[in-house]
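Residue numbers (our numbering): 2 to 434. Reading through the structure tokens given below for one structure.
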């Protein structure tokens, strides 16, 4: 059961998500709002309409019996019913119409909130649809990256947090004791997604885990050593992907005029920031690097243990965040999009886990070794298609990226994507063999 939340908090979250969605539409032409047809992104104008439709469908219509605000909403914006490849050809509403629609949905939802504290059901629904919008905002950002669109600009929800710059590299492993703990979320969590149900006992053996994610410098060594041409590093599925894609380096890298590596961030080419985590690599690329380096990806249980467990006076205890129970802020992690990219892996020392692992929340999503599947006791929530259809076909990522909203970033949050996906803001950290 979701913990009851103050209605002022729910309203502020919803307004913040609405503001971010509108910001991501700025600076784009009508042609860019549709964009080329690709399997990894949606037409941005369609996706924004879907976000409003989802809020309306799951709260106003299902829960409170409202009539639909759009005559053609169900036939245009239901992502389960409408095949991905057809979304570019639909007679969708104009940008002005969609902005108006989003505003009406947002204000109607906020007006429904009375003062005080919402009950558990209402708290779940408002947070779930807001987090759904946050996920799509992250998808909007990677769509802008995919297409090479202009760098977005985000207004802060409050005082703008300073983002540490520089910091350099952070080498070495943290020694993690291991032991029995509960992986997943408990019924008393403030909020949880269905795939976190339920917390269950898991044993983690002692492990040495990298203090930081793999950097661009470290990944470039793999590229320059011919890693993309060495079949023995890739496994059967990985080599099939490598052969079909003809990849020779991370997707947004190129050689500059001086033969040094460059990286594209939105519309701009930069000299490769060597001490930032490598980003936009898929699970196959991460796994190949690990074989090359005689390392391995952590299991998701190992990752969650390293991010949450700490030694207390009476044994191991689980914290809400790597640094303790204090809510995430700009002092702890690169979240919320304001940095407009990753920062060096040595930044955010105050966000270290008990064991000394840094940036386990924010900066880049981290691939784990595991295939996405149900925990014992799993049951789907209202949005039945959220997790279950992807079990067995995707890999688990943990931790959040620079694009992830701090309100949603938790060590127990299980993200999931196909192992071939390079467009998402994903990197990886490793463990010793």
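Beta carbons are placed, not taken as given, at the ideal position from N, Cα and C, and that holds for glycine.
For residue 93, count the other beta carbons within 10 Å of its own beta carbon; 16 or more makes it buried, fewer makes it exposed. Which is it? Within the chain shown, numbered from 1, the residue matching residue 93 stands at position 92. By the neighbour-count rule (16 or more Cβ atoms within 10 Å), residue 93 is buried.
Report the start-end ranges of each beta strand (DSSP E) in the region 232-285 that is 3 residues or longer and not cut off at the edges. 254-256, 262-266 and 269-272
Please state whether DSSP places residue 322 in a helix, a strand or coil. Working through the chain shown from its first residue, we reach residue 322 at position 321. It is a strand residue.
Cβ shell of residue 52 (< 8 Å), same chain only, five flanking positions each side left out: Here residue 52 refers to the residue found at position 51 of the chain shown. Contacts found: 22, 103, 133, 134 and 137.
What does the Cβ neighbour count give for residue 73, buried or exposed, with the cut at 16 atoms within 10 Å? Against the chain shown, residue 73 aligns to sequence position 72. With fewer than 16 other Cβ atoms within 10 Å, it is exposed.
Can you list, in chain order, the residues of its chain with a C-beta nearer than 6 Å to that of residue 419? Leave out the 5 residues immediately preceding and following it. As a position in the chain shown, residue 419 is number 418, starting the count at 1. Hits under 6 Å: 395.
Checking the sheet assignment: what are the DSSP bridge partners for residue 376? Stepping through the chain shown from its first residue, residue 376 is reached at position 375. Beta-bridge pairing links residue 376 to no other residue.
Just list the residues that DSSP pairs residue 184 with in beta bridges. For this step, residue 184 is matched to residue 183 along the chain shown. Beta-bridge pairing links residue 184 to 201.
How far does the beta strand (DSSP E) with residue 398 in it reach, from first residue to last? Start at 1 with the first residue of the chain shown, and residue 398 comes out as number 397. Counting along the chain, the beta strand (DSSP E) containing residue 398 begins and ends at 396-399.
Pairs of beta-carbons, one from the region 286-294 and one from the region 171-179, closer than 8 Å: are there three or more? no
Cβ pair residue 309, residue 323 closer than 9 Å: Looking up residue 309 in the chain shown gives position 308. Looking up residue 323 in the chain shown gives position 322. Taking 9 Å as the Cβ cut-off, residue 309 and residue 323 qualify as a contacting pair.
Which ranges would you report for the alpha helix (DSSP H) in the region 297-350 if only whole runs of at least 4 residues count? 301-309
Alpha carbon to alpha carbon, how far is residue 304 from residue 398? Give it in angstroms, no decimals. In the chain shown, residue 398 corresponds to position 397, counting from 1. In the chain shown, residue 304 corresponds to position 303, counting from 1. Between residue 398 and residue 304, the C-alpha separation is close to 10 Å.
Which ranges does the alpha helix (DSSP H) cover as unbroken runs of at least 4 residues, wholly within the region 121-166, from first to last along the chain? 121-148
Nonlocal neighbours in the same chain, by C-beta distance under 6 Å from residue 255, ignoring five residues either side: Residue 255 sits at position 254 when you count from the first residue of the chain shown. The residues are 263.
Determine the closest residue to residue 214 out of 276, 124, 182 and 302, with distance taken between C-alpha atoms. As a working note, residue 214 is residue 213 in the chain shown. For residue 214, the nearest C-alpha among the options comes from 276.
Which same chain residues end up closer than 8 Å to residue 88 when comparing Cβ atoms and leaving out the 5 residues on each side of it in sequence? Here residue 88 refers to the residue found at position 87 when the chain shown is read from its first residue. 43, 44 and 47.
Rounded to whole angstroms, what's the CA-CA distance from residue 388 to residue 147? Just pull it up for me. Along the chain shown, one-based indexing puts residue 388 at 387. Along the chain shown, one-based indexing puts residue 147 at 146. Their backbone Cα atoms lie some 25 Å apart in a straight line.
Apart from the five residues on each side of it in sequence, which residues of its chain come closer than 6 Å, Cβ to Cβ, to residue 353? Indexing the chain shown from 1 puts residue 353 at position 352. Hits under 6 Å: 359.
Decide if the region 361-370 is in contact with the region 398-418; the criterion is three or more beta carbon pairs, one per stretch, under 8 Å apart. yes
Going by the DSSP bridge assignment, what does residue 7 pair with across the sheet? Within the chain shown, the letter at position 6 stands for residue 7. 118.
Residues of its chain near residue 59, where Cβ-Cβ distance is below 6 Å and the 5 sequence neighbours each way are ignored: As a first step, residue 59 must be located in the chain shown, where it is residue number 58. Taken in chain order, the residues that qualify are 130.
Which stretch, first to last residue, makes up the alpha helix (DSSP H) that contains residue 98? Indexing the chain shown from 1 puts residue 98 at position 97. Taken as a continuous stretch (DSSP letters only), the alpha helix (DSSP H) holding residue 98 covers 96-113.
Host beta strand (DSSP E) of residue 55 (start-end): As a first step, residue 55 is located in the chain shown; it is residue number 54 there, counting from the start. First-last for residue 55: 45-56, but that is the alpha helix (DSSP H), not the beta strand (DSSP E).
Through-space distance from residue 284 to residue 444, alpha-carbon basis: The chain is shown from 2 up to 434; residue 444 falls before or after that span and cannot be answered.
Three-state secondary structure assigned by DSSP to residue 208: For the purposes of this step, residue 208 is taken as the residue at position 207 of the chain shown. In the structure shown, residue 208 sits in a strand (DSSP, three-state: E or B).
How far does the alpha helix (DSSP H) with residue 217 in it extend, from its first residue to its last? Position 216 of the chain shown holds residue 217. 217-225 is the span of the alpha helix (DSSP H), which, as asked, contains residue 217.
Looking at C-beta atoms only, is the number of pairs between the region 265-276 and the region 408-426 that lie closer than 8 Å three or more? no
Residue from 356, 117 and 384 whose Cα sits closest to the Cα of residue 55: The sequence position of residue 55 within the chain shown is 54, counting from 1. Measuring from the Cα of residue 55, the nearest candidate turns out to be 384.
Can you look up residue 79 in the DSSP assignment and give me helix, strand or coil? Within the chain shown, residue 79 is the residue found at index 78, counting from 1. Looking at residue 79 - three-state DSSP - the assignment turns out to be coil, as it is neither helix nor strand.
Tell me whether the beta-carbon of residue 433 lies closer than 9 Å to the beta-carbon of residue 208. Along the chain shown, one-based indexing puts residue 433 at 432. Along the chain shown, one-based indexing puts residue 208 at 207. Yes, the Cβ-Cβ distance between residue 433 and residue 208 is below 9 Å.
Buried or exposed: residue 343, going by 16 or more other Cβ atoms within 10 Å of its Cβ? Within the chain shown, numbered from 1, the residue matching residue 343 stands at position 342. Counting Cβ neighbours within 10 Å, residue 343 comes out buried, since at least 16 surround it.
Within a Cβ cutoff of 7 Å, which residues of the same chain sit near residue 318, ignoring the five residues on either side of it in sequence? Mapped onto the chain shown, residue 318 falls at position 317. If we look at residue 318 and ignore the five residues flanking it on each side, its Cβ neighbours are 311.
Using the three-state DSSP reduction, which class does residue 418 fall into: helix, strand or coil? Here residue 418 is taken as the residue at index 417 of the chain shown, counted from 1. Strand.
Quick check on DSSP: helix, strand or coil for residue 366? Within the chain shown, the letter at position 365 stands for residue 366. Strand.
Within 10 Å of its beta-carbon, does residue 9 have 16 or more other beta-carbons around it, so buried, or fewer, so exposed? Looking up residue 9 in the chain shown gives position 8. Exposed.
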